[in-house]
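Residue numbers (the numbering used here): 10 to 258.
Note that CB positions come from ideal geometry on N, CA and C, so glycine has one too.
Notes follow once the structure below has been shown.
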């Protein structure tokens, strides 16, 4: 006699029902108060207060962790001129971590009678009244529009050349730069804290010029410290010119 086939429909139906119940339970579980936001942690702050970062994110305690729009929080954080990048991550079951990378001030611009702090990309970070508050080189000779906004990119050809120069300087050299005059992009002039001027010219062969000037500053350290050197000229491809004070050109 032929064997009778077993009935599988009840088993399949029961399996789907159990799966449905499991998914439904999971849905209600992740949407329960167990996953409500109870704590916000902040990392990466150097100049911005952690509470300020929390406020900027727009996050509210008590909101379900899985209903929070993390991209929206990131967008809000990155609207702040000092915050370069932001990241928001969940820490199950009830914590969010806000990680920020701040823009690092690299110079001050003299514009419209004001001192504007900028980063290496030319982003306007803040305005200052006293240079003593920031031990940064001043970039002069830059033409700015009458109205500039925080977070605005102020880059011009002249400013870009000056920033390119600053970005390639090592820290010990940068600390001794008082001013970069950038009236044109092809005629940069550095003024060191010791008073000596460096006619740098254009940003062409910038790394070679920086290496030369650093070697010259070391070799002539005694003369420079005595403030007997008026300027060093690197604008010509021939040997650099060192002009002493009271010496005829």
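Between which residues of its own chain and residue i is the CB-CB distance below 8 Å, once the five residues before and five after are set aside?
i: residue 100; result: 50 and 106
i: residue 145; result: 114, 115, 116, 117 and 126
i: residue 63; result: 49, 51 and 107
Going by CA-CA distance only, name the one from the options that's closest to residue i.
i: residue 74; options: 166, 21, 102 and 132; result: 102
i: residue 69; options: 82, 58 and 52; result: 82
i: residue 77; options: 45, 135 and 87; result: 45
i: residue 181; options: 202, 157, 246 and 143; result: 202
i: residue 243; options: 216, 207 and 231; result: 207
i: residue 245; options: 219, 209 and 190; result: 209
i: residue 47; options: 72, 255 and 147; result: 72
i: residue 8; options: 169, 179 and 219; result: This structure does not reach residue 8, given that the chain is present from 10 up to 258, and the question cannot be answered.
i: residue 86; options: 52, 119, 148 and 123; result: 52
i: residue 79; options: 123, 108, 54 and 59; result: 108
Quick check on DSSP: helix, strand or coil for residue i?
i: residue 171; result: helix
i: residue 165; result: coil
i: residue 84; result: helix
i: residue 254; result: coil
i: residue 58; result: coil
i: residue 227; result: helix
i: residue 217; result: helix
i: residue 116; result: strand
i: residue 130; result: coil
i: residue 176; result: helix
i: residue 32; result: helix
Within its chain, find whatever has a CB closer than 6 Å to the CB of residue i; leave out the 5 residues flanking it on each side and keep chain order.
i: residue 115; result: 128, 129 and 175
i: residue 205; result: 233 and 238
i: residue 192; result: 150
i: residue 200; result: 187, 188 and 206
i: residue 254; result: 237 and 239
Quick one: using the 10 Å Cβ neighbour count with 16 as the cut-off for buried, is residue i buried or exposed?
i: residue 66; result: buried
i: residue 167; result: buried
i: residue 227; result: exposed
i: residue 10; result: With a pLDDT of 49 at residue 10, under the threshold of 50, the modelled position of this residue cannot be trusted; read the value that follows with caution. Exposed is the call here.
Here's a check: name, in chain order, each residue in its chain whose Cβ is nearer than 7 Å to the Cβ of residue i, leaving out the five neighbours to either side.
i: residue 160; result: 90, 132 and 133
i: residue 215; result: 173, 174 and 177
i: residue 123; result: 136
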